[in-house]
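Report on the following structure.
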Amino acid sequence: MLLCLALIAGLASHGAAGADERPSKVATPPSPAGITLPQAPQAKEPAEPGGSAGSSKTTPLAKPGSAVTGTTRSLPMASQGPEAVPPPTELPKGLRPPSRSITGEAAAGGSTEPKPGSTEGSSATPASAPAPTSGSGVPDPRASGGVTSAPGKSEAAPVDLQPAPVESKPVVGLDLKPGPIPELKRATVNEIIATTSKGRNAYRIADNARVIVVDMPDIRDQGLMFGRLVLFIERANAPKSRLMFLPEVQGWLKQNKATIESLTVGNNLRASELARFFNTARFQGEALTPDERQLYDWLLAWNVLQETAHGVTATAPEHILISFPQASSVAGCNGCSVTQSQRETIARHELAHAKLATDLVYQHYSEWFWSQALTPMMRERFTKFLQVRGYDPNNRDLLANEAQAFLMHTPDSTMFSAQLLGITEAELQAMRNLFESGLPPRPLATSASSPRF
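So the sequence shown is numbered by the working numbering: it starts at 1 and just counts up by one.
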């Protein structure tokens, strides 16, 4: 799957408590130093009327601030207490409401901020490709010493989750003017890694057309587009059958001493997972943020997703989308810098997830290796290593996917090592040798003397 890879700074201390499946009151633990997140008012507005029967258009999502409709049942979050209350429908101060929803109704006013996804001012000129490495990994460098910040303290200022809208050609089936659609340039892995740009760019891997790369300017920009997707698909203590409301996301970040920047360092997302996210938003009546809506528009334009009368489906063969940031820094966030070496490391790790998603034999082997070749002790060590970094310890496919990417594509000891795993160097090397030994072609075993059933 998921790469998802997403790497998390500051999540080492958060628990693995189960997430609820019902909108509930956002917990308000003491705010860690460096984060100021005011509480949202609890006012509610009436639900948006549904579409007319027989319409050929895709069922619209709710306007920002509308009440959640539908019959989804869920349980309170373990950390929220027994009382279930309707979610807040207004954002905390400092957050602009979404300027548009899936219904296409723009908010009054506007913004003078740069358009997300705009290539204006971009310098996307490929540099000479660096020499390929034997593999790389993507654990959050800030969580293991690659990039440091004060312990127990978030360095990032509160982040506005709602960038300004952009104008362009509307997508069929939705009454909305989405942003510009990046051209899917065909490029090799080395060419993509060596390319520098200040905007969002997209590529199709030259030797694997099913893999699409979204190259993000920095990890803050990446978090704005993919943050709720990561929570919905990967995080162990976030709801999995509904989208978190924006005030809930802010509360989750505060509770876990995280920021939108530390939520994801790199991503790998199957088209079916992307479809489930957007379909759930539609069923739930939850408005998309402008960044999420922009991603939705891109996926339709690239034929990764296809609209039906009531939602979207993944096209066949299924694509996988990966993202990673440019070598960059983020204003106001001392632990958010990414070096060119770290960019390559993150990219190589996410590409390992893309290989697993598009190579069925490699996928089956990785799953077999996790469940059959690794000893119970090694599986336990890997599970703890991943759980501390926010991965769901109950998602077997996710664990197998991450294990192969860390084990075989993360030679950087500041990101993944025997010490971080809690084993010796000899044990780690033995695991790598064991994984490689099962990859060469081998015949299917048969025997004339084998008993019949």
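By construction, the Cβ of each residue, glycine as well, lies at the ideal position given by its N, Cα and C atoms.
Predicted, not measured: the structure shown is a model, and the values here were computed from it.
Taking buried to mean at least 16 other C-beta atoms within 10 Å of its own C-beta, is residue i buried or exposed?
i: Gly-332; result: exposed
i: Asp-221; result: buried
i: Arg-200; result: buried
i: Phe-453; result: exposed
i: Asp-207; result: exposed
i: Gln-294; result: buried
i: Phe-416; result: buried
i: Glu-454; result: Past the boundaries of the shown model lies residue 454; the chain is included only from 1 to 453, so the question cannot be answered.
i: Arg-228; result: buried
i: Thr-289; result: buried
i: Ser-450; result: exposed
i: Gln-419; result: exposed
i: His-474; result: The chain is shown from 1 up to 453; residue 474 falls before or after that span and cannot be answered.
i: Thr-259; result: buried
i: Leu-360; result: exposed
i: Arg-442; result: exposed
i: Thr-195; result: buried
i: Pro-440; result: exposed
i: Ala-445; result: exposed
Only counting the same chain, and skipping five residues up and downstream in sequence, which positions put a Cβ closer than 7 Å to that of residue i?
i: Ile-423; result: Arg-381
i: Pro-317; result: Arg-210
i: Leu-356; result: Tyr-362, Gln-363, Ser-366, Asn-401, Gln-404
i: Ser-341; result: none
i: Ala-187; result: Tyr-203, Ala-206
i: Trp-302; result: Leu-184, Ile-212
i: Ser-383; result: Inspection of the sequence shows that residue 383 is occupied by Thr rather than by Ser. Same-chain partners within the cutoff: Pro-393, Leu-399.
i: Met-431; result: Met-378, Leu-407
i: Leu-243; result: Arg-228, Phe-232, Thr-280, Ala-281, Gln-284, Glu-286
i: Tyr-296; result: Phe-278, Leu-288
i: Ile-219; result: Glu-261, Val-265, Pro-325, Val-330, Cys-336, Val-338
Would you mind reading off the limits of the alpha helix (DSSP H) that contains residue i?
i: Asp-207; result: Taken as a continuous stretch (DSSP letters only), Asp-207 belongs to no alpha helix (DSSP H), as it is neither H nor E.
i: Ile-260; result: Segment: none, Ile-260 is in no alpha helix (DSSP H) and carries neither H nor E.
i: Lys-384; result: 376-388
i: Arg-228; result: 219-233
i: Asn-237; result: First-last for Asn-237: undefined, no H or E at that position.
i: Ser-437; result: 425-437
i: Tyr-391; result: Premise fails: Tyr-391 is in no alpha helix (DSSP H) and is neither H nor E.
i: Pro-290; result: 290-301
i: Leu-444; result: Counting along the chain, Leu-444 falls outside any alpha helix (DSSP H), and DSSP gives it neither H nor E.
i: Gln-419; result: 418-421
Excluding five sequence neighbours on each side, which residues of the same chain lie with their C-beta closer than 6 Å to the C-beta of residue i?
i: Ile-193; result: Glu-344, Ala-347
i: Ala-202; result: Pro-182, Leu-184, Val-214
i: Gln-306; result: Thr-313, Thr-315
i: Ala-448; result: none
For residue i, which option in the options has the closest C-alpha, if you only look at C-alpha atoms?
i: Val-213; options: Gly-227, Gln-326, Glu-402, Thr-308; result: Gln-326
i: Glu-286; options: Ala-206, Ser-241, Trp-298; result: Ser-241
i: Thr-410; options: Arg-389, Phe-453, Ala-352, Leu-439; result: Ala-352
i: Phe-369; options: Ser-437, Asp-218, Val-189; result: Ser-437
i: Gly-406; options: Leu-386, Ile-219, Gln-342, Thr-195; result: Rather than Gly, the amino acid found at residue 406 in this sequence is Phe. Measuring from the Cα of Phe-406, the nearest candidate turns out to be Leu-386.
i: Asn-394; options: Arg-442, Asn-237, Leu-224; result: Asn-237
i: Ala-373; options: Leu-434, Ala-445, Gln-429; result: Leu-434
i: Tyr-391; options: Phe-245, Leu-246, Leu-263; result: Leu-263
i: Thr-315; options: Pro-290, Ser-323, Val-304; result: Val-304
i: Val-312; options: Asp-291, Phe-278, Ser-323, Gly-335; result: Phe-278
i: Leu-246; options: Leu-269, Asn-268, Ile-219, Ala-281; result: Ala-281
i: Leu-421; options: Pro-441, Thr-446, Met-378, Arg-442; result: Met-378
i: Phe-324; options: Gly-335, Thr-358, Asn-334, Thr-339; result: Thr-339
i: Trp-298; options: Gln-284, Phe-283, Leu-321; result: Leu-321
i: Gln-429; options: Ser-413, His-319, Arg-442; result: Ser-413
i: Thr-375; options: Thr-358, Leu-444, Glu-427; result: Glu-427
Short of 8 Å in beta carbon distance, which residues of its chain neighbour residue i, apart from the five on each side in sequence? Order them along the chain.
i: Ser-337; result: Val-147, Ser-328, Ser-329, Val-330
Hey, could you find the ends of the beta strand (DSSP E) residue i is sitting in?
i: Thr-264; result: Element bounds for Thr-264: n/a, residue is neither H nor E.
i: Phe-324; result: 320-325
i: Met-216; result: 211-216
i: Leu-360; result: Note, Leu-360: premise wrong, no beta strand (DSSP E); alpha helix (DSSP H) at 360-368.
i: Gln-306; result: 305-307
i: Leu-243; result: No beta strand (DSSP E) holds Leu-243; DSSP gives it neither H nor E.
i: Ala-187; result: 184-187
i: Ala-314; result: 312-314
i: Leu-337; result: Note that residue 337 is Ser in the sequence shown here, rather than Leu. Segment 333-338, the beta strand (DSSP E) holding Ser-337.
i: Ser-272; result: Taken as a continuous stretch (DSSP letters only), Ser-272 belongs to no beta strand (DSSP E), being part of the alpha helix (DSSP H) at 271-284.
i: Ser-328; result: 328-330
May I ask whether a heavy atom of the ligand FMN can be found less than 7 Å away from the beta carbon of residue i?
i: Leu-243; result: Inclusion of the ligand FMN in the displayed structure is not the case, the ligand content being empty and no account of it being possible.
Are there three or more Cβ pairs, one per stretch, closer than 8 Å when the stretch 226-244 is compared with the stretch 269-278?
-> yes
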